[in-house]
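Protein chains in written order, with our numbering: chain A, 204 to 276; chain B, 1021 to 1278.
Backbone N, C-alpha and C define an ideal beta-carbon position, used for all residues, glycine too.
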């Protein structure tokens, strides 16, 4: 069989990896900062829902930033 | 009509946990899943050893089958995801792929009819193996702290951003990856099992109804069972492939240079 494989740079992520990573980063971002926001909300005794909502938005923004930087998307 | 009613009444319904304990077996440790895992391991050992006992330059048919399976995973997954350094992981990925395909296909084999991967414990173990492997590979290649820094810290961003990004990267690399790896396989196989069960049992229940129209409609339930069985074959292979590709992809991030 002809040798038609193309060794890729390890920097260049595969499409399957990118698709999974994008969704994963969004979930991770919203989850991690949602949790932190919830903890802060309980710690400071803020009105219910403020901390977790703010945290999730910060997390989503962070995740999008990370996707842009890490995956060059 | 009474004969059809008997068919429905013979169904063990509702299913209980006791269904997993086959009659005549010793102790609570051996379930249907245990037997199926033994069967899968035995079949794979026999398949690989038998096919490769006397390797020849011009392969026999069995040897050709094993070699093309290995070649598919080596070139299509290991080398594709990790480059030439990834070839040393090809045996692991091939075994992982064959094991998952085989245990997934158990879900549509008459008599077995459930995949061990429909039980969350088995995908968890498989995902843990890949998880520990890619952590170990990363730590061995870069050292513990450098690997941690590589996984958590994105180079070339202003430092306050790290406060925002490190929790995200931590959750993504050390929690999300193994969890999604396990849950994806489990949920697909479990859902497939439920779909087949719904159409089969639904067909029998419709057949047992005393309305002729509903009885006649049961044919569609049985047709869907057949259709979904083929669909499950596709899902079985696809999910095994996805599991292996993602394992290789995670390994490649551990091997990455920067």
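{"Item": "Contacts of residue 1093 (chain B) in chain A (Cβ-Cβ under 9 Å)", "Value": "Simply none; closest approach about 13 Å."}
{"Item": "Chain B contact for residue 258 (chain A) (CB, 7 Å cutoff)", "Value": "no"}
{"Item": "DSSP three-state assignment for residue 1036 (chain B), whether helix, strand or coil", "Value": "coil"}
{"Item": "Proximal residues of chain A, C-beta to C-beta of residue 1174 (chain B) below 8 Å", "Value": "269, 272, 273"}
{"Item": "Buried/exposed call for residue 1187 (chain B), threshold 16 Cβ in 10 Å", "Value": "buried"}
{"Item": "Three-state secondary structure (DSSP) of residue 1174 (chain B)", "Value": "coil"}
{"Item": "Expected contact under 8 Å - CB spacing of residue 967 (chain B) and residue 1244 (chain B) to nearest Å", "Value": "Here chain B covers residues 1021 to 1278 and nothing more, so residue 967 (chain B) does not appear."}
{"Item": "Interface flag, residue 266 (chain A) vs chain B, CB-CB below 7 Å", "Value": "yes"}
{"Item": "Of the listed residues B:1119, B:1084, B:1112, B:1081, nearest to residue 1062 (chain B) (C-alpha basis)", "Value": "B:1119"}
{"Item": "Interface residues of chain A facing residue 1192 (chain B) [CB-CB closer than 7 Å]", "Value": "227, 228, 231"}
{"Item": "Residue 1256 (chain B) CB to nearest heavy atom of the ligand MN below 6 Å", "Value": "Summarising the ligand content, the structure contains no ligands, and the ligand MN is consequently not present."}
{"Item": "Cβ separation of residue 1262 (chain B) and residue 1101 (chain B), assumed to be a contact under 8 Å, to the nearest whole Å", "Value": "At roughly 12 Å, the Cβ-Cβ gap does not stay under 8 Å, so residue 1262 (chain B) and residue 1101 (chain B) are not in contact."}
{"Item": "Under 9 Å from the C-beta of residue 1200 (chain B): neighbouring residues of chain A", "Value": "223, 226, 227, 230"}
{"Item": "Counted within 10 angstroms of its Cβ, other Cβ atoms place residue 1252 (chain B) as buried (16 or more) or exposed", "Value": "buried"}
{"Item": "Beta-carbon proximity list for residue 246 (chain A), same chain, < 8 Å, skipping 5 on both sides", "Value": "none"}
{"Item": "Chain B contact residues for residue 237 (chain A), given Cβ-Cβ distances below 7 Å", "Value": "The premise fails here: residue 237 (chain A) is roughly 10 Å from chain B at the closest Cβ pair, so nothing lies under 7 Å."}
{"Item": "Contact belief for residue 1053 (chain B) with residue 1136 (chain B) at Cβ below 8 Å, rounded distance in angstroms", "Value": "5 Å"}
{"Item": "Neighbour flag for residue 1196 (chain B) against chain A, beta carbons, 7 Å", "Value": "yes"}
{"Item": "Sequence-distant residues of its chain with Cβ nearer than 7 Å to residue 1105 (chain B) (five each side left out)", "Value": "1275"}
{"Item": "Residues that residue 261 (chain A) contacts on chain B, provided the C-beta gap is smaller than 8 Å", "Value": "1184"}
{"Item": "Where the alpha helix (DSSP H) containing residue 1158 (chain B) begins and where it ends", "Value": "1141-1162"}
{"Item": "Contact set for residue 1242 (chain B): own chain, Cβ-Cβ below 6 Å, skip 5 residues either direction", "Value": "1223"}
{"Item": "Euclidean distance between Cα positions of residue 1149 (chain B) and residue 273 (chain A)", "Value": "26 Å"}
{"Item": "Cross-chain neighbours of residue 234 (chain A) in chain B, by beta carbon under 7 Å", "Value": "1191"}
{"Item": "Cβ-based contacts, 9 Å cut-off: residues of the segment 1252-1276 of chain B near chain A", "Value": "1262, 1265, 1266, 1268, 1269, 1270, 1272, 1273, 1275, 1276"}
{"Item": "Proximity of residue 1208 (chain B) and residue 1255 (chain B) at Cβ, strictly below 7 Å", "Value": "yes"}
{"Item": "Amino acids of chain A, ordered along the chain, whose beta-carbon sits closer than 7 Å to that of residue 1177 (chain B)", "Value": "272"}
{"Item": "Residue 1187 (chain B): contacting residues in chain A (beta-carbon distance under 7 Å)", "Value": "235, 236, 239"}
{"Item": "Helix, strand or coil at residue 270 (chain A) [DSSP, three-state]", "Value": "helix"}
{"Item": "Residue ranges of each beta strand (DSSP E) within the segment 1195-1234 of chain B, 3 or longer", "Value": "none"}
{"Item": "Reference residue 1042 (chain B); option with closest CA among B:1237, B:1131, B:1145, B:1077", "Value": "B:1131"}
{"Item": "Environment of residue 1196 (chain B) [buried if 16+ CB atoms lie within 10 Å]", "Value": "buried"}
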